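Protein chains in written order, with the working numbering: chain A, 13 to 500; chain B, 71 to 587. Below is one structure; the comments refer to it alone.
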């Protein structure tokens, strides 16, 4: 037996991501200044993206079993795109966290280290070639988030709350259970078919077929927790609500993307159309209907992101032919979702939670550009121009569904898009609403409004992250082919 | 279909003009958005200038119709559909089969000019008067954005591109109603946007069904229904018909329209009635009849019945209206019923009547909404009971209203006549007891139209002046004349010389109605 050769170039993105985590830790330890930590994570994240692009998606796999066909680390165009997405999301989330971190709402060094570790896990998910690597990657992505959700220091004079801790515990419990289910599924499937590498996943045959089928079903269910698919979604709204806003942004973008990738790896090889289609219909319909009734911003975004996951699942129900559409949708979605969360963060005071929808009355009149960014994001999530990126995302999924003869599911997606618009448009209209009447006569209601709701300046890293996100949304809106080319 | 070279033609300068027709208002909207908020009036002036340039550009396209009659080479016997005068085709998103393929021909050209004209008039009107609710700068920018979407819809020669432009108008129109509308604006705007989104998602389903079946989204290549099986055409046409029926709107899917019109500011109503509704009827002709002719033939009788129901329902509802803008809005339901009846006959006469009716309705209803807005601005009420005796207080305004109302009821010699009369004629020509009955019912509906407009005129212009009306000043401002005069002139011109609209349509319409056979 010859020694395994390892292709270090194709591992570059992982080295860069893991190196970033170490670098951040050392920077915090040695330099001990916030600026150094932020700089280390930003540079490391960007370096990870660059490494992923440089290493490319056409290299042969590495960590291969004897024979060289079955590999645990498989570069592909899809892996490259998602690694870049994870890296940029991490940098972006850092950008919108910095105003709060400067106030000291969380220890900067720990925050950045956890974020970098999570990024490393995300990178692994895209490249994973076997079930163990996949689940380890997914757990590395999620594990730091348990802490990040609850990592909230209260300033002197600030009223301490238990919401972050409660959210963290909810998230931890559900995630542990879901991982256990997924592992059990993987184990059953392995016992029945002996397959561990994704390329070897086959439906079970003979008397053990039911065991294999049960394994696959458990695996899908375990992973469906990660994307918050109905009926396994209940953890998401309270967790998002309790988490600091930037962490909620990370949860609903990077963490969701990881779940989608893991599901895609399974459904493209095994026939899971029926179960995923059921999950898809339930997820988008319930997500949208419940979102209609939300009166708090983050809960609205949480339920809407559940509904969005439903559209992704609809594409995944097609199996392998739907994977490019699902991943394309997921990438369009995470960019828009990040922009939405980023704009919401900018409209709130640093460290504040999402608050009531009513608190956003007239916010876009005060902060013109932030309001415009949020409207752009909402329009995109609703799938309407000017959010062309979101429109193309919807067209991609529906095109794939109709192409494969799943017209009925396309119709369900279409009708859900209409329900979705109802709440997006309500939230967007609130941003431009005129100030509410006060009980007492005042000379100039606008002046009173300006005095009670000061305009919060958005500067430095947060502004840069938002501008970059908006630029990506606009770019993908006018040239979506860039993404489709990158994925193939 | 393999050789697409023939699709891209026309002199280069005209292709540049064609792109500029979309690019100029888009750039204008961006420019208006970027101007500082202090510069409100300059921004509105810029928007008006941009709209004027766009109108000039669309008029330049006439050169393509006169100069480059490439389609004369193809006689009516030629199986190939009539080609656009000038077109541009470039791949945009190959992964989704989207080409940036735009062009103009006789069917779309009158609507393109109408859109550019009404946008210019509305922008100019906004310079003079900004409705309450928000900065006029934003309103003017939204009008330009709407123009991009509407022009794009009329120019698109790619199915998915058509859908994209169809969607562009949704949110700007929502914003116009919700931002500058009347007291019930939020509800009305929400109703508008949800109804029309239902229409557009059905359109998307239909478009993708066709594209998946035919492997191309090229409308020119698809015209005649080549490469589509009967069942695909049935399904696709059903989706298209409902989608466009919501937009047009066809009874019984019209209920968003009266609210939207009543609440929208004047300029919003003008654009909505003048050209936005036309996207529905235009789509039905270009895509419904063009791309899925067998589906159209299959559903023609249902469409015809619904169209006549719309005519009658619109007229009967109008007889009971007590609010000026609501009455005009419901009258649109009746007029669009005539247009749809013309389309439903699937004959050359019928489709030409529909095209003419489209343009005439755009001019007349645009004028009616401008006048209704002017009356409401002066009297602060739209209640007909409070508007009696307008002729005493403001004779010019009242005279213009009478002119527009008489044009709308279809007096021969004015624009409204041709479309409605020939829709009925086309239905009679179709023959058979069913179509003849429909024609008779439509004619009765036409008579009812006359009844409610005369009732409107009796209430508003005659009788003693109410206190509200006698308080207003009879003067009409210069900008108002500027906005109204072109419409008045065109209503007369199209009424006297309908060939203005129809010259260029005969060949493309002929090839459409041939395809149905």
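Backbone N, C-alpha and C fix where the C-beta goes; we use that ideal spot for every residue, glycine too. Here the structure is a predicted model, which means the values were calculated and not measured.
Can you list, in chain order, the residues of its chain with a C-beta nearer than 6 Å to that of residue i? Leave out the 5 residues immediately preceding and following it.
{"i": "residue 345 (chain A)", "result": "320"}
{"i": "residue 319 (chain B)", "result": "327"}
{"i": "residue 339 (chain B)", "result": "331 and 439"}
{"i": "residue 382 (chain A)", "result": "355, 358 and 359"}
{"i": "residue 443 (chain A)", "result": "372, 375, 376 and 383"}
{"i": "residue 382 (chain B)", "result": "515"}
{"i": "residue 118 (chain B)", "result": "193, 194 and 197"}
{"i": "residue 415 (chain B)", "result": "496, 497 and 500"}
{"i": "residue 95 (chain A)", "result": "25, 64, 135 and 138"}
{"i": "residue 399 (chain A)", "result": "388, 391 and 392"}
{"i": "residue 405 (chain B)", "result": "431"}
Quick check: is the beta carbon of residue i nearer than 8 Å to any beta carbon in chain A?
{"i": "residue 345 (chain B)", "result": "no"}
{"i": "residue 550 (chain B)", "result": "no"}
{"i": "residue 240 (chain B)", "result": "yes"}
{"i": "residue 164 (chain B)", "result": "yes"}
{"i": "residue 593 (chain B)", "result": "Only positions 71 to 587 of chain B appear in the structure, and residue 593 (chain B) is not among them; the question remains open."}
{"i": "residue 400 (chain B)", "result": "no"}
DSSP on residue i, reduced to helix/strand/coil?
{"i": "residue 22 (chain A)", "result": "coil"}
{"i": "residue 283 (chain A)", "result": "coil"}
{"i": "residue 209 (chain A)", "result": "strand"}
{"i": "residue 46 (chain A)", "result": "helix"}
{"i": "residue 553 (chain B)", "result": "helix"}
{"i": "residue 132 (chain A)", "result": "helix"}
{"i": "residue 226 (chain B)", "result": "strand"}
{"i": "residue 276 (chain A)", "result": "helix"}
{"i": "residue 547 (chain B)", "result": "coil"}
{"i": "residue 474 (chain B)", "result": "helix"}
{"i": "residue 319 (chain A)", "result": "helix"}
Locate the beta strand (DSSP E) running through residue i, then write down its first and last residues.
{"i": "residue 84 (chain A)", "result": "83-85"}
{"i": "residue 74 (chain A)", "result": "74-76"}
Taking 8 Å as the CB-CB cut-off, is residue i touching chain B?
{"i": "residue 309 (chain A)", "result": "no"}
{"i": "residue 435 (chain A)", "result": "no"}
{"i": "residue 59 (chain A)", "result": "no"}
{"i": "residue 444 (chain A)", "result": "yes"}
{"i": "residue 296 (chain A)", "result": "no"}
{"i": "residue 127 (chain A)", "result": "no"}
{"i": "residue 396 (chain A)", "result": "yes"}
{"i": "residue 32 (chain A)", "result": "no"}
{"i": "residue 492 (chain A)", "result": "yes"}
{"i": "residue 327 (chain A)", "result": "no"}
Hey, could you find the ends of the alpha helix (DSSP H) residue i is sitting in?
{"i": "residue 305 (chain A)", "result": "Note, residue 305 (chain A): premise wrong, no alpha helix (DSSP H); not H, not E."}
{"i": "residue 255 (chain B)", "result": "255-284"}
{"i": "residue 515 (chain B)", "result": "502-531"}
{"i": "residue 85 (chain B)", "result": "82-104"}
{"i": "residue 245 (chain B)", "result": "240-250"}
{"i": "residue 110 (chain B)", "result": "110-130"}
{"i": "residue 262 (chain A)", "result": "257-262"}
{"i": "residue 326 (chain B)", "result": "326-333"}
{"i": "residue 70 (chain A)", "result": "Note, residue 70 (chain A): premise wrong, no alpha helix (DSSP H); not H, not E."}
Can you pull the chain E neighbours of residue i, defined as C-beta to C-beta under 8 Å?
{"i": "residue 279 (chain B)", "result": "Judged by its chain identifiers, the structure shown contains no chain E, and its protein chains are A and B."}
Looking only at its chain, what residues have a beta carbon closer than 8 Å to the beta carbon of residue i, apart from the 5 residues adjacent to it on each side?
{"i": "residue 71 (chain B)", "result": "With a pLDDT of only 38 at residue 71 (chain B), under 50, the local geometry of the prediction cannot be trusted, and the value read off the model is given with reservation. Around residue 71 (chain B): 286, 288, 291, 296 and 297."}
{"i": "residue 466 (chain B)", "result": "544 and 546"}
{"i": "residue 158 (chain B)", "result": "78, 85, 88, 89, 170, 171, 172 and 173"}
Identify, in the order they occur along the chain, each residue of the same chain with its Cβ nearer than 7 Å to the Cβ of residue i, setting aside the five sequence neighbours on each side.
{"i": "residue 97 (chain A)", "result": "269, 343 and 346"}
{"i": "residue 123 (chain B)", "result": "94"}
{"i": "residue 244 (chain B)", "result": "259, 262 and 263"}
Would you check whether the ligand NAP has a heavy atom nearer than 7 Å to the C-beta of residue i?
{"i": "residue 29 (chain A)", "result": "With respect to the ligand NAP, the structure shown offers nothing to examine, as it has no ligands at all."}
Taking only runs of the alpha helix (DSSP H) that begin and end inside the segment 349-415 of chain B, which ones reach a length of at least 4 residues, in chain order? 363-389 and 394-415
Would you mind listing the alpha helix (DSSP H) stretches within the segment 146-219 of chain B that are 4+ residues and don't spill past its ends, in chain order? 179-198
Inside the segment 352-390 of chain A only - alpha helix (DSSP H) runs reaching at least 4 residues: 375-378
Which full runs of the alpha helix (DSSP H) of 4+ residues lie inside the segment 387-426 of chain A, going along the chain? 400-415
What are the uninterrupted segments assigned as alpha helix (DSSP H) that are 4 or more residues long and contained completely in the segment 208-248 of chain A, given in chain order? 221-238
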